[in-house]
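Structure, as structure tokens:
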Amino acid sequence: MNDESKVIHTYTKDILHPIIKRVKTYLEEEMNIDVFNTSDITCPKNIHLKKNTVMIGTSGSIKLIITLGFDEVLLNKLVEVFMEGEDIGDCDIEEVTNSIACEVTNTIIGNAIDNPVDSSDIYITPPVLIYEAKTLNKYKDSKFAFVTFITKYGEIELTAVGPKEQFENELEFKDQ
Amino acid sequence: MLNVLVVDDSLAIRIKMKGFLKKLGHDIVREAKEGKEAIQLYKEYAPDLITMDISMPGMNGVDALKEIMEISNREANVIMITANGQDGIVKDALKLGAKGYILKPISKEKLQDSIGQIFPEYFCSDNVLLDDNDLDDIFV
Amino acid sequence: MELGNISSKRLTLKLIIYIFTFSVFFTLLQSGIDLKQEYDNKIKEINNSVKIIEDNYLLKLSLTFWSMDNTALQLELNSLIKLPGVAYLEVLEEEKSYITIGERLTHDFKEKYLNLNYNHMNSVVNMGKLYIQLSYTKVEEDIIADIISIIIKEFIKYFALTLILLFVVHQLIMRHLIHMAEFVRGFQVRNLNDPLILDKKLNKKKLDVIDDVSMAINQMRNKLLVFINQKEEVQKELKELNQTLEQKVKKRTTDLTLKTNRITDLLNNAAQGFLSFEKDFLVDDEYSVECENLLGKDLKGKDITNLLFDGKSDKIDFFKETMIDALNEENTLTSSLILSLLPSELIINKRAVSIDYKILSNNKFMMILTNITDKKKLQIKIKREQLILKMIVSIVSDSVQFYETKQNFEEFCQDSLLYINSKNTSAVNANTIHALFHTFKGLFAQLYMRDTVKRLHDFESKITDFIESKKDNNDLKNLIDSFDLINSMNEDLKIVAQTLGEKFLTEHNHIKIDEALINKLENKIVLFCSLDNKQNEECKEILNDIKKIKNKSLQYYLSIYPKLCQQLCLSLNKSIYPFEISGERGFFVPDNFKPFINSLIHVFRNSCDHGIETKECRLALQKDEIGTIHCDFKKTKDTLTIVISDDGKGLDMTSLKSKIVRNSLVSQEKLNKLSTSEIQNYIFDSNFSTNENITHISGRGVGLASVKTELDKLNGIVEVKSEVNKGTSFIFMLPMKNN
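Chains as they are written, first to last, in my numbering: chain A, 13 to 188; chain B, 718 to 857; chain C, 5 to 743.
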């Protein structure tokens, strides 16, 4: 394996796979939404992000940007299950929806992230919602990974992009 | 009935946490969105219990915990909430004096257990019993 | 004794030597001095002799010599020679010897010439000389004799002295010393009873050193004796205590061993691994047997972290760090919270193990390991079953969707190559196919047909790859061929067939039609047929076909019962032979018969519940272990006869009768007048049940009553034939006109 594929292999095995697993178990166990299928991990040249995408960065010895994008219908279902039995009161439903998207992402990534390199802790940033659908283009040294989860209510897209330095907060690619 | 201060940057979590605490019969004194606010509110209201999210923008939960421990001379009851399963961070919090931790996703049961460990009078997970329906199904 | 002698001899020898030497020395000194003095004196004397001669005798001698009186001279010389030391006298006259006396010496002499002078008339006339020879030889001889005698004397003296000394010393000292030495040597710890008694007079007032020593020895002996006695007593006590102690220890050890064995037994049979270790993380000696099953043999002294984490050093480090932190934490709550950070489930040697951690009071750690592999496998199994269930449920509840999708996909599989339009590029074609796959994938996903979805997804990715690879249409064709599309659904469909039956899959050849519509159609046809007399035959056929659409055969309606009976008997722990409904196949019954036929379930239930006995019962009655239930129908002329029979235990007439009376259905007298079959017909009475216990299957007595109700509606009758232990038959007869 050359270096690039070695790195991707590490990312894949040790970082992505736990996250993928956690997405499935979280949806199935916490939200009672079955994940019919999971795509393989692909490395496309560009990725078109869904409207409701949440971004989380990691720091420490592994620096990545991870995004989780939800289909509208699916997200609504998540809100329904999450807020079951709770009175939302006079909170803005959109705010709550966004908050839940962030929270779900935060929980999944937080639960699943584990440092394969050394035993030092990886810190994850608080989640950030990306409002407009973005396109990510693969550029030079950035490494992409992309996974889709299919559920009854819609799809979830997971992307992992690294290294972190190449992106600004809104995922516009930083000019070199 | 305890007076609880809920600290979390996520609106959804705050709503849910309030819901659980109400169901468990406790009162929510205030909410905070980040560390500094939490410290301020602690000083003002001196709640019986604080639920503290670890990762928040601005001052994070562990730093806020540290200060609150200093102010209260390690007597404040703080339960850390974290999504991050990494034990190093949690251990640090425990060593600073946190009296419990809950891994997200939060459930009423987890909250009850953690509260019960600090305030034994609210602890009742040992008393989970099988009811008649369960008995019917178990021995089929 | 011998030694004593030798050592005493040595001592005395030493003594002798010392005394001897010193006294000899002194004596010699003294004697020497004396002898010297004597010698000097004698020499002096001898020397004096000359002076004497000179002073006293010389004149006379001179006179005599003058007078030439030789005799007198001789006499005088004689008297002179008697003077000490004088050895030779010679009177010399003009150097010639005149008269001599003594012997002339040739050596060792001293000579002196004295002038013989005579005073004659006032003049001194020298007449000659007197030559004197003094010899000291005598003195010397004397001295030597003296010396010799002294030596001899001394020798004798010392000899005697020695003996005396020896004797004295021996008497006074040696003897006692030897005795004491013997005594002390003979000191046996057990034989201290005899004191030292010296063989001498003990004058209490005049005690000498020997007495002192012997007394001291005796004192010592006494003390020793006392001490030894004490010691012996103490030893005895000690021995006794020792014995008691040993007994106690023995008992305690046996108790302890017993207890330990019991506990070890418990722990070993608990099928849980208990082990403990200290800060060094090396497993302690005692652990339960299950630990070896989970972690391997010979765990004593092995590093637990290696066994758990198989060399993953960062996990090991975290584990050790956390354990130590928990140990050092004083607050028990915090300590247990820290422990909760440790992995509660691990996979060790391909087994799922749950682990509990505890800190023991003596700063040790304890781990309780439980093998939960079975549990986990069960969980997985349950999960899989759940998913299958989901699939079945969604297929059944959404069956239209299912059949449609299935059919569409089958069509797609057959026509797949048609989508490869040679006019388009392979990329375009591939995209089309990709989109189709995607659509089907979604549809199957909704039906939870996971396996199919997975395969389609696979194909989708391969198509994507193909698009990138920029191959041509031919290659696309080959790719599609390689997918073997037609068999994609097989796995899922197999499960469906297993659960819902093969028929379910093929049933989609049927169309569901609203029944009202059929009736409408039927009525129209009847009307039409009645109007058109010419087509009579055909009309009849058409009406028949319509009827067939609406109606199902009696076979069909009754066909559920065999399976039902099987299931029922299984749940009641009874066995029956599988059976089929025997009767005309294409025989149709009108709709209004359906409720009655549905109610027959109660009859079958009764057969299974009350009729057929358990295996043991049947064996005891020497019947076939496995029971038989029959169901057949026959149409004769105007009557449809349905018979349901079993070879069970039959109706219990006695309890039947008593129940009838008890329920006050009929008085006892009237009962006696009734025939068997009349009595048996009472089982169709509502609220009648000879079964005391209401099971969830039957017993309420409602079942047969409802059968009767339905039967009555159709104007049918029923006959019950029952023989104890032989069986029961229900014969239903329903009037039925020919179509």
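All C-beta atoms, glycine included, are put in the ideal place defined by N, C-alpha and C. None of the values given here were measured: they were computed from a predicted structure.
The residue from C:Leu228, C:Lys240 and C:Ile359 with its alpha-carbon nearest to that of serine 280 (chain C) is C:Ile359.
Under the DSSP assignment, glutamate 792 (chain B) falls outside any beta strand (DSSP E); it carries neither an H nor an E label.
Cβ contact annotation for threonine 261 (chain C) (same chain, cutoff 8 Å, sequence separation greater than five): none. Closer than 9 Å to the CB of leucine 738 (chain B) there is not a single CB belonging to chain A.
Shown here for glycine 587 (chain C): same chain residues with a beta carbon closer than 7 Å to its own, the five before and five after excluded, namely Leu558, Gln559, Asp636, Phe637 and Lys638 in chain order.
The C-beta of glycine 69 (chain A) comes no closer than 9 Å to any C-beta of chain B. Of the residues A:Lys75, A:Leu141 and A:Ile162, the one whose Cα lies closest to the Cα of glutamate 106 (chain A) is A:Leu141. Taking one beta carbon from each stretch, the region 216 to 232 of chain C and the region 247 to 262 of chain C have fewer than 3 pairs nearer than 8 Å; the two do not touch. For the pair asparagine 425 (chain C) and asparagine 433 (chain C), the Cα-to-Cα distance works out to about 7 Å. Under DSSP, serine 358 (chain C) shares a beta bridge with C:Glu349 and C:Thr374. Straight across, the Cα-Cα distance linking leucine 644 (chain C) with arginine 388 (chain C) is about 49 Å. Contact annotation: glutamate 244 (chain C) and alanine 274 (chain C) have beta-carbon atoms that are not nearer than 9 Å. Bridge pairing for isoleucine 363 (chain C): C:Phe369 [DSSP]. By the criterion of at least three beta-carbon pairs nearer than 8 Å, the region 719 to 731 of chain C is not in contact with the region 573 to 592 of chain C.
With its beta carbon at least 9 Å from every one in chain A, alanine 810 (chain B) lies outside the interface.
Positions of the alpha helix (DSSP H) runs, each at least 4 residues long and wholly inside the region 486 to 565 of chain C, are given as 494 to 504, 506 to 510, 519 to 535, 540 to 554 and 558 to 562 in order along the chain.
Taking threonine 409 (chain C) as the centre and dropping the five residues before and after it, the same chain places the C-beta of Phe444, Leu447, Phe448 and Leu451 closer than 8 Å to its C-beta, in chain order. Around valine 108 (chain A), the beta-carbon contacts reaching into chain B at under 9 Å are Leu728, Ala729 and Ile732. In the DSSP assignment, glutamine 276 (chain C) is bridged to C:Thr374. If you look at serine 603 (chain C), you'll find it in the alpha helix (DSSP H) that goes 598 to 603. Only buried fits lysine 733 (chain B), as 16 or more other CB atoms lie within 10 angstroms of its CB. Apart from sequence neighbours up to five positions away, the residues of its chain that approach valine 66 (chain A) with a beta-carbon distance below 6 Å are Leu80, Ala113, Cys114, Thr117, Pro139 and Leu141, ordered along the chain. Within the same chain, Leu782, Lys783 and Met786 come within 6 Å of leucine 813 (chain B) by CB-CB distance, once the 5 residues on both sides are set aside. Going by beta carbons, phenylalanine 69 (chain C) and leucine 79 (chain C) fall outside the 9 Å limit.
With contact defined as three or more Cβ pairs closer than 8 Å, the region 87 to 97 of chain C and the region 128 to 143 of chain C are in contact.
Within the region 457 to 470 of chain C, Val457, Lys458, His461 and Ser465 place their CB atoms closer than 7 Å to a CB of chain A, listed in sequence order. Using a CB distance below 9 Å, no part of the region 53 to 67 of chain A faces chain B. Scanning chain A for C-beta atoms nearer than 7 Å to the C-beta of alanine 800 (chain B) yields Asn118, Thr119, Gly122 and Asn123, reported in chain order. Approximately 6 Å separates the beta-carbon atoms of leucine 741 (chain B) and glutamine 829 (chain B); this is inside 8 Å, confirming the contact. Apart from the 5 residues on each side of it in sequence, isoleucine 546 (chain C) sits with its Cβ closer than 6 Å to the Cβ of Ile529 in its chain, given in chain order.
Collapsing the DSSP output to three states places tyrosine 581 (chain C) in coil.
For glutamate 826 (chain B), there are no CB contacts under 6 Å within the same chain when 5 residues up- and downstream are skipped.
The beta carbons of leucine 489 (chain C) and valine 500 (chain C) sit no closer together than 9 Å.
The criterion of a C-beta distance shorter than 9 Å is satisfied by valine 724 (chain C) and glutamine 684 (chain C).
As the crow flies, the alpha-carbon of phenylalanine 29 (chain C) is around 26 Å from that of isoleucine 47 (chain C).
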